[in-house]
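Asker: Residue numbers (our numbering): 43 to 838. C-beta: ideal position from N, C-alpha, C; glycine also.
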């Protein structure tokens, strides 16, 4: 099968360039993946020109499709190889070096959230080949197969990848550019399609009586494309329950106030590795030693990393005054209140609002909302962020004591279930290590202090940003505990995982450690002050901060974890003033540990948590089902419309309209303005042999190849003429079943006169679905009567 068209070289190149450049414009949404985006976007632009040039020229020469694709792969492959290795034919050493660079790019993409810092390495070995594959895919679909609407799905996927990975607001221009390119692709495709009918814009096919205006067809293509683009932009805003928008990356609030949020570890990893320490926040306060200004809390551990999960931020939970009471903190806990005024510098832009974990009131400009479970503050619209704003808050310093923490009763079952869940992929050695270290402990508090001190001083751990293993997954966690070198995120993650394995509710907090004093009551936080620490829950004391990071990074552990640690929790009932009198409290020392995590690979214990695996399988299955539905939908819609038409009016007009749609589906231009007799003459010329078991690639056609269809068409014409022109009230002798049978016979003959490719398209993507079907035929009063072959032909 030839891939070329009958159009000239300029049009062929224009179509190929439109597809390639539109794909590259869609990939501009990837610009935030790395700080050095030009390293992969510039070569991708050159690759787009190579693919478009080869494709346009070879398709103009009518080269076979496989040859066009092969030439494109060879040409762009040589270019990409030269860019990545410096040689068209790399030797063994160059190939090995490329493999190392590719593995480094993969590791950087996993260890750093976007944008990956330039010092961590370039993403070029990873994104350049991926982008080239996308360029080739769009070229094949849009130019070789001429399925521009289907190519639009690929383009939307490319854009959506950038939006979802960056998980932030995307400027409207980065959507408008590829959308405009897609409209150009539609226009050129329609122009080529109409160009095969005959003359150019404004001409009429006089010989055949076909009087469609090509300009109208092009306008229809642009109208459909523009409407679809506008619908993609406007629909999420009109329907409150939709949580996806082309300009949003996870902050599009749904009807219940739930939002998906960005991974806060992005800034921590990137800014801690900055060579230059950049000032971010200024603080004015009467707190003599402000520290641990929290940005966000990570509540979910999926076996690979800690994630922020979802947040519930209804419109009434605004950062404009007094906040709810501190969760889980007894009213009897002594506290000291301090005031803070925070000024975010121009260098700090975040959709998270830094605040003290024990804040009692926050007043910030903009649409900031808080989540009651975590007391995180998030921007609820596109225009809200920390860039250059100032806000105030009140917070308390809780006077926690080891005795109260050691005597804390068990928390509620719901809190236990959420904050102690761990996937089955957590290594057994990690769980065994936690239980071995705390085997002699008699309270959750004592277990927590033992873990903290083991990481901080007793276990021989070293704080390092350069020698640390990147990531927090199962393998990385084991490597960290083996090598005992890491940075704050890994210390916090490891302690939180081990605490959960002991049944202690835990989570990871991201924020700022300690600021530099700039005046008597003024302080400044910088990029190198970013920090991570674990928070463990103790009833009566709430979420309590621990500090496992070694003293080389954090000078002092919390005061309530230093000194003599209580050895029992026998006084737990008296330590909880909020508990009803006379009711004994549950002892934390009686808490069952997590044998299920140790036995998950053996015969005992509970079944492993296969939730993530089933979620992945379900997502893949859902995607496959959706793809199948999208493929089958046009054909199903066409059959439904045919059945609905017969059910509504099983008469001659329904049969005539069905023939028209069948002809349009098979690429035939249905004559407009002709009588049924004249139309039948044209239709009969399209007939092929429907009984030929092995039709040629380009089957011959004409009335002589399907005499049964010619006879059936003649009977249909008589039925239509009687229906239109007979005296009102006259009986029509043709029944509905006969009409359907005659229509089927004629439709089979029309299909038999077309190529296999045309028949496949008619089955899977019928053209009639996208063209307006008139309810009644348009017949002109100004006609010239011509006798031809026993039939009266009415022409303009």
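Determine which residues share a DSSP beta bridge with residue 423 and list them.
Answerer: The residue given as residue 423 occupies position 381 in the chain shown. Bridge partners of residue 423: none, in fact.
Asker: Measuring straight from C-alpha to C-alpha, what distance separates residue 763 and residue 718?
Answerer: Here residue 763 is taken as the residue at index 721 of the chain shown, counted from 1. Here residue 718 is taken as the residue at index 676 of the chain shown, counted from 1. Cα-Cα distance, rounded: 7 Å.
Asker: For the segment 72 to 82 and the segment 98 to 105, state whether three or more C-beta atom pairs, one from each stretch, are separated by less than 8 Å.
Answerer: The answer is no - the segment 98 to 105 does not touch the segment 72 to 82, with fewer than three Cβ pairs under 8 Å.
Asker: Quick one: what's got a C-beta closer than 6 Å to residue 204's C-beta in the same chain, skipping five residues either side?
Answerer: Position 162 of the chain shown, counting from 1, holds the residue named residue 204. Cβ neighbours of residue 204 beyond the five flanking positions: 71, 72.
Asker: Near residue 776, what residues of its chain come up, given a Cβ to Cβ distance below 6 Å and the 5 sequence neighbours on each side ignored?
Answerer: In the chain shown, the residue the question calls residue 776 occupies position 734. 761, listed in sequence order.
Asker: Quick one: what's got a C-beta closer than 8 Å to residue 458's C-beta in the same chain, skipping five residues either side?
Answerer: Your numbering for residue 458 matches position 416 in the chain shown. Hits under 8 Å: 452, 545, 547.
Asker: Excluding five sequence neighbours on each side, which residues of the same chain lie with their C-beta closer than 7 Å to the C-beta of residue 362?
Answerer: The count along the chain shown starts at 1 and reaches residue 362 at position 320. So the qualifying residues of the chain are 405.
Asker: Once DSSP output is grouped into helix, strand and coil, what is the label at residue 318?
Answerer: Position 276 of the chain shown, counting from 1, holds the residue named residue 318. If DSSP states are grouped into helix, strand and coil, residue 318 belongs with coil.
Asker: Does DSSP put residue 576 in a helix, in a strand, or in coil?
Answerer: If you number the chain shown from 1, residue 576 lands on position 534. If DSSP states are grouped into helix, strand and coil, residue 576 belongs with the strands.
Asker: Could you please give the first and the last residue of the uninterrupted beta strand (DSSP E) stretch that includes residue 404?
Answerer: As a position in the chain shown, residue 404 is number 362, starting the count at 1. From DSSP, the beta strand (DSSP E) with residue 404 extends over 401 to 405.
Asker: Does residue 390 come out as helix, strand or coil in the three-state DSSP assignment?
Answerer: On the chain shown, position 348 is the one that residue 390 refers to. Three-state result, residue 390: coil.
Asker: Looking at the secondary structure, which residues open and close the beta strand (DSSP E) in which residue 784 lies?
Answerer: Here residue 784 corresponds to residue number 742 of the chain shown, with the count starting at 1. Residue 784 -> not in any beta strand (DSSP E); alpha helix (DSSP H) instead, spanning 778 to 794.
Asker: Let's test the definition: count the other Cβ atoms within 10 Å of the Cβ of residue 54 and tell me whether it reaches 16, buried, or not, exposed.
Answerer: Your numbering for residue 54 matches position 12 in the chain shown. Buried, since its Cβ has 16 or more Cβ neighbours within 10 Å.
Asker: Report the three-state DSSP secondary structure of residue 483 (helix, strand or coil).
Answerer: Residue mapping note: residue 483 aligns to position 441 of the chain shown, counting from 1. It is coil, neither helix nor strand.
Asker: Out of curiosity, what's the CA-to-CA distance linking residue 752 and residue 686?
Answerer: To locate residue 752, count along the chain shown from 1; it is residue 710. To locate residue 686, count along the chain shown from 1; it is residue 644. For residue 752 and residue 686, the distance between alpha carbons rounds to 26 Å.
Asker: Using alpha carbons as the reference points, say which of 807, 710, 769, 324 lies closest to residue 845.
Answerer: With the chain covering 43 to 838 only, the question about residue 845 has no answer from this structure.
Asker: Figure out for me which residue from 738, 780, 486, 742 has the closest Cα to the Cα of residue 758.
Answerer: Within the chain shown, numbered from 1, the residue matching residue 758 stands at position 716. Among 738, 780, 486, 742, the Cα nearest to that of residue 758 is on 780.
Asker: On the premise that residue 337 lies in contact with residue 420, defined as a C-beta separation below 8 Å, what is that separation, rounded to the nearest angstrom?
Answerer: As a position in the chain shown, residue 420 is number 378, starting the count at 1. As a position in the chain shown, residue 337 is number 295, starting the count at 1. Residue 420 to residue 337, Cβ: 10 Å. No contact.
Asker: Would you list the one or two residues that DSSP bridges to residue 559?
Answerer: Your numbering for residue 559 matches position 517 in the chain shown. Residue 559 is bridged to 565.
Asker: Please report how far the alpha carbon of residue 88 lies from the alpha carbon of residue 114, in whole angstroms.
Answerer: Against the chain shown, residue 88 aligns to sequence position 46. Against the chain shown, residue 114 aligns to sequence position 72. Distance between the alpha carbons of residue 88 and residue 114: 13 Å.
Asker: Is the beta carbon of residue 335 closer than 8 Å to that of residue 396?
Answerer: Numbered from 1 along the chain shown, position 354 holds the residue referred to as residue 396. Numbered from 1 along the chain shown, position 293 holds the residue referred to as residue 335. Taking 8 Å as the Cβ cut-off, residue 396 and residue 335 qualify as a contacting pair.
Asker: Please say whether residue 393 and residue 549 have beta carbons closer to each other than 8 Å?
Answerer: Indexing the chain shown from 1 puts residue 549 at position 507. Indexing the chain shown from 1 puts residue 393 at position 351. For residue 549 and residue 393, no; Cβs fall outside 8 Å.
Asker: Classify residue 217 as helix, strand or coil using the three-state DSSP reduction.
Answerer: On the chain shown, residue 217 is found 175 positions in, with the first residue counted as 1. Reduced to three states, the DSSP call for residue 217 is helix.
Asker: How about residue 472 and residue 345: do their beta carbons lie closer than 8 Å?
Answerer: Reading the chain shown from its first residue, position 430 is the one you call residue 472. Reading the chain shown from its first residue, position 303 is the one you call residue 345. Contact flag unset, no.
Asker: Distance check for residue 664 and residue 60, CA to CA, integer angstroms please.
Answerer: Working through the chain shown from its first residue, we reach residue 60 at position 18. Working through the chain shown from its first residue, we reach residue 664 at position 622. About 32 Å.
Asker: What is the DSSP secondary structure of residue 533, counted as helix, strand or coil?
Answerer: In the chain shown, residue 533 corresponds to position 491, counting from 1. Residue 533 falls in the helix class under three-state DSSP.
Asker: I'd like to know whether the C-beta atoms of residue 748 and residue 791 end up nearer to each other than 8 Å.
Answerer: As a position in the chain shown, residue 748 is number 706, starting the count at 1. As a position in the chain shown, residue 791 is number 749, starting the count at 1. Yes, these two residues count as a Cβ contact at 8 Å.
Asker: Specify whether the segment 724 to 732 and the segment 785 to 805 touch according to this definition: at least 3 beta carbon pairs, one from each stretch, less than 8 Å apart.
Answerer: Because the criterion of three Cβ pairs below 8 Å is met, the segment 724 to 732 and the segment 785 to 805 touch.
Asker: Check whether the segment 585 to 596 and the segment 378 to 387 touch, using three or more Cβ-Cβ pairs below 8 Å as the test.
Answerer: Touching, no.
Asker: Give the straight-line distance between the Cα atoms of residue 158 and residue 535, rounded to the nearest whole angstrom.
Answerer: Sequence index remark: in the chain shown, residue 158 carries index 116 (1-based). Sequence index remark: in the chain shown, residue 535 carries index 493 (1-based). Approximately 21 Å, taken between the alpha carbons.
Asker: If you run the structure through DSSP and keep just helix, strand and coil, what is residue 585?
Answerer: Translated into the one-based positions of the chain shown, residue 585 becomes position 543. Looking at residue 585 - three-state DSSP - the assignment turns out to be strand.
Asker: If you count every other CB in all the chains shown that lies within 10 Å of the CB of residue 769, and 16 or more means buried, which is it?
Answerer: If you number the chain shown from 1, residue 769 lands on position 727. Exposed.
Asker: Note down the Cα distance separating residue 450 from residue 586, rounded to an integer number of angstroms.
Answerer: Start at 1 with the first residue of the chain shown, and residue 450 comes out as number 408. Start at 1 with the first residue of the chain shown, and residue 586 comes out as number 544. Cα to Cα, residue 450 sits roughly 12 Å from residue 586.
Asker: As an exercise, report each continuous alpha helix (DSSP H) stretch of at least 4 residues that is fully enclosed by the segment 108 to 193, in chain order.
Answerer: Runs of the alpha helix (DSSP H) inside the segment 108 to 193: 134 to 153, 166 to 181.
Asker: Write down the C-beta distance between residue 339 and residue 418 rounded to the nearest angstrom, noting that I regard them as a contact closer than 8 Å.
Answerer: By one-based count along the chain shown, residue 339 stands at place 297. By one-based count along the chain shown, residue 418 stands at place 376. Yes, they are in contact, since the Cβ atoms of residue 339 and residue 418 sit about 6 Å apart, within 8 Å.
Asker: Leaving aside the five residues before and after residue 577 along the sequence, list all residues of the same chain whose C-beta is less than 6 Å from its C-beta, in chain order.
Answerer: By 1-based counting over the chain shown, the position of residue 577 is 535. Closer than 6 Å at the Cβ level, and outside the excluded window around residue 577, lie 549, 551, 585, 587.
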